[in-house]
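First up is the structure itself, then whatever we jot down about it.
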Amino acid sequence: MKVARLYSFEDIRIEEAPVPVPGLREALIKTKASGICSGDLMPWYIEKKAPLVLGHEPAGEVVALGPEAEKITDIKIGDGVFVHHHAPCHECHYCEKADYVHCHTWKTSSIVPGGMAEYILIPEVNLENDTLKLPRNVSYEEAVFIEPLGCVLKGLRRAAPVEGRTALVVGLGVMGMLHVLALKALGAKHVVGADMVQRRLERAIELGIDAVIDVSREDPVESLRGLTKGRMADIVISGPNSAEAMALSVECAAEGGKVVLFTPAKPGEVLTLDPNLLYFKEVSLIPSYSTGPDDTREALRLIETGKVRPGKLITHRFPLEETARAYRLAAQAGDSLKVIITFE
Numbered sequence: 000m001k002v003a004r005l006y007s008f009e010d011i012r013i014e015e016a017p018v019p020v021p022g023l024r025e026a027l028i029k030t031k032a033s034g035i036c037s038g039d040l041m042p043w044y045i046e047k048k049a050p051l052v053l054g055h056e057p058a059g060e061v062v063a064l065g066p067e068a069e070k071i072t073d074i075k076i077g078d079g080v081f082v083h084h085h086a087p088c089h090e091c092h093y094c095e096k097a098d099y100v101h102c103h104t105w106k107t108s109s110i111v112p113g114g115m116a117e118y119i120l121i122p123e124v125n126l127e128n129d130t131l132k133l134p135r136n137v138s139y140e141e142a143v144f145i146e147p148l149g150c151v152l153k154g155l156r157r158a159a160p161v162e163g164r165t166a167l168v169v170g171l172g173v174m175g176m177l178h179v180l181a182l183k184a185l186g187a188k189h190v191v192g193a194d195m196v197q198r199r200l201e202r203a204i205e206l207g208i209d210a211v212i213d214v215s216r217e218d219p220v221e222s223l224r225g226l227t228k229g230r231m232a233d234i235v236i237s238g239p240n241s242a243e244a245m246a247l248s249v250e251c252a253a254e255g256g257k258v259v260l261f262t263p264a265k266p267g268e269v270l271t272l273d274p275n276l277l278y279f280k281e282v283s284l285i286p287s288y289s290t291g292p293d294d295t296r297e298a299l300r301l302i303e304t305g306k307v308r309p310g311k312l313i314t315h316r317f318p319l320e321e322t323a324r325a326y327r328l329a330a331q332a333g334d335s336l337k338v339i340i341t342f343e
């Protein structure tokens, strides 16, 4: 089979690899679509893992099952599935608190060899604890959004309640747009987006956002103050991987507001804040990293019921052979939103 392997961000190769053979309680899928994650577009983050087969947002058709797979799943050959690249043990201290990303099993589990491969092996723990059968009305292309939407829902769950609140989304890339869709689905009263790319601002308006702020032309703090009659935002999603964006997000928070740090800062950056700003305004900083099985299931439910329609965020599709070009395009932060790799 063919895989897309990264050696550096400027060196992504299409290589041959053996098709994995599922063990007793494992499964094999033929990949149908795989999304490019915005996190993988940060060279400092992805290159430290090199060489690796890219991709962790795959969906595909089950083509083989181990002889004991039926003991842990009701998924059958021919079913379409979403598979999470990490899955928890459901038994440890962290899993008891639903802090799945801190579970040792979650951290060490993975799909084989990665999402940008013609076939993917689903290990036992992933098959049992976070592989979901796709309903008939959820396409493979929509299914690549289950993991990223799960990440969004985790952060919003931590910032709850959402219903009736005013929210600001800083950064309107694909994850920012997913936040817009999710906030609307969860009943946010007023959703504002901030970005400097004109096409993204226009696209957010097309998606039904209530207001946008062009940070290349206006002061975001003052603009938000005007839009909210001085109240600012109850929930602020800090999207860019930047300490500067995090600090701006804190300034935009209302009294008693919550700031979700959705993306890490660049290595070496330091977030400097006046602690009294947090104290007297009672602003909460909420880091939110990745997602677990509770939120992937909720993501699938929202997609299945049509409350979130993520397919409209797909702007570009590429075959596996053009993975390097697809990653370069996605990294440019221009007109692209969701870039996916499709498999025949």
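Read in my numbering, the sequence shown has 24 at position 25, and its numbers run on one by one without any break.
A virtual CB, placed ideally from N, CA and C, is assigned to each residue, including glycine.
- The DSSP-derived three-state label of Pro263 is coil.
- Relative to the Cα of Thr107, the nearest Cα in the group His89, His92, His85, Ala116 belongs to His85.
- Put simply, the backbone Cα of Asn136 is about 21 Å away from that of Pro292.
- The C-beta distance from Ile208 to Ala193 rounds to 11 Å, too long to meet the 8 Å contact threshold.
- Val179: member of the alpha helix (DSSP H) spanning 173 to 184, first to last residue.
- Across the structure, Cys251 and Ser287 are spaced so that their CA atoms are roughly 18 Å apart.
- The alpha-carbon separation between Gly256 and Ser241 amounts to approximately 20 Å.
- A residue is called buried when at least 16 other Cβ atoms come within 10 angstroms of its Cβ; Tyr118 meets this threshold and is buried.
- Secondary structure at Gly54: coil, using DSSP grouped into helix, strand and coil.
- Contact annotation, Leu120 with Thr322: C-beta distance approximately 19 Å; criterion of less than 8 Å not satisfied.
- In chain order, Val168, Leu171, Val190, Gly192, Ala203, Leu206, Gly207, Ile208 place their CB closer than 8 Å to the CB of Val179, counting only its own chain and leaving out the 5 sequence neighbours on each side.
- By the neighbour-count definition (other C-beta atoms within 10 Å, threshold 16), Gly225 is an exposed residue.
- Contact between Gly113 and Val2 holds: their C-beta atoms lie close to 7 Å from each other, under 8 Å.
- In this structure Ala32 does not touch Leu148 by the C-beta definition: roughly 15 Å separates them, more than the 8 Å allowed.
- Under DSSP, Ile212 forms a beta bridge with Ala193.
- In the three-state reduction of the DSSP assignment, Tyr118 falls in the strand class.
- Sequence-distant partners of Lys70 (beyond 5 residues in either direction) whose C-beta falls short of 7 Å from its own C-beta, in its chain, are Arg24.
- Asn128 is positioned such that its CB atom lies no closer than 8 Å to that of His103.
- Three or more Cβ pairs closer than 8 Å define a contact, and the stretch 266 to 276 falls short of that threshold against the stretch 74 to 83.
- Note on geometry: alpha-carbon atoms of Glu67 and Leu182 lie some 41 Å from one another.
- For Val169, the enclosing beta strand (DSSP E) starts and ends at 165 to 169.
- Taking 4 residues as the shortest admissible run, the stretch 233 to 264 contains the following complete alpha helix (DSSP H) segments, listed from N- to C-terminal end: 242 to 250.
- The three-state secondary structure of Glu15, taken from DSSP, is strand.
- Taking C-beta atoms as the reference points, Pro309 and Glu201 fail to come closer than 8 Å.
- Counting the other CB atoms within 10 Å of its CB gives Tyr326 a total of 16 or more, which places it among the buried residues.
- Setting aside the 5 residues that flank it on each side, Arg216 has no residue in the same chain whose C-beta is closer than 6 Å to its C-beta.
- Ser7 counts as exposed, since fewer than 16 other beta carbons sit within 10 angstroms of its beta carbon.
- Secondary structure in the stretch 56 to 102: the alpha helix (DSSP H) runs of 4 residues or longer, each lying completely within the stretch, are 92 to 95 in chain order.
- With a cutoff of 8 Å on beta-carbon distance, Asp233 and Arg164 are scored as near each other.
- Closest by C-alpha distance to Ala246, out of Gly229, Leu223, Asp273, is Asp273.
- A distance below 8 Å separates the beta carbons of Thr290 and Glu146.
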